[in-house]
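Heads up: the structure comes next, in structure tokens.
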Ligand SMILES: [Ca+2]
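Numbering (our numbering), first residue to last: 193 to 312.
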């Protein structure tokens with residue numbers, strides 16, 4: 193487990209710099225109001241609380257700060273967004289969410305999101 197986590201950390205470190213350029217991340221003012229129209233939004237904790245990140249673009253890896261921490265989400269786009277357990281959209285998405293859908297608490301796949309992809 194520790195070894196897997198370390199490998200993952202090393203892997204994400206290389207893409208972190210690029211990811212931060214377009215990923216809006218922050219901890220201030222938690223809550224669903226953080227999520228702007230047109231964005232796919234994720235939070236570290238249930239009920240849209242804790243660390244937050246959002247993007248209108250595909251994210252092959254959300255970065256080490258948010259990797260494997262997503263517990264709630266809101267798809268505030270007008271299209272489907274799929275969530276992936278692995279970086280670079282490898283494997284099948286573990287969930288695809290319709291436009292406008294949200295969840296205050298992911299049940300079966302809590303803390304597994306690494307990337308997400310927009311399907312316009
Ligand atoms: Ca979490």
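In this text, a Cβ means the ideal position worked out from N, Cα and C, and glycines have one as well.
Please read all numbers here as calculations on a predicted model, not as lab measurements.
Item                                                                                                             : Value
Cβ-based burial, residue 301 [other Cβ within 10 Å; buried from 16]                                              : exposed
N- and C-terminal bounds of the beta strand (DSSP E) containing residue 233                                      : 232-237
Cutoff 7 angstroms; reference residue 220; Cβ partners in own chain excluding five residues on either side       : Any answer about residue 220 is weak, because its pLDDT of 48 lies below 50 and its placement is not dependable; what the coordinates show is given next. Correct list: empty, nothing qualifies.
Proximity to residue 289 [Cα-Cα], best of 235, 273, 245, 240                                                     : 273
Among 292, 269, 261, the one whose alpha carbon lies nearest that of residue 305                                 : 261
Residue 310: first and last residue of the uninterrupted beta strand (DSSP E) it sits in                         : 307-311
Residue 242 Cβ short of 8 angstroms to ligand 1 heavy atom set                                                   : yes
Close Cβ partners of residue 213 (< 7 angstroms) along its chain, the five nearest in sequence each way excluded : With a pLDDT of 43 at residue 213, under the threshold of 50, the modelled position of this residue cannot be trusted, and the question is left open.
Check: residue 301 C-beta below 8 angstroms from any heavy atom of ligand 1                                      : no
Residue 251 versus residue 308 - alpha carbon distance                                                           : 5 angstroms
Coil, strand or helix - residue 256 by DSSP                                                                      : coil
Backbone CA spacing between residue 239 and residue 267 [nearest angstrom]                                       : 14 angstroms
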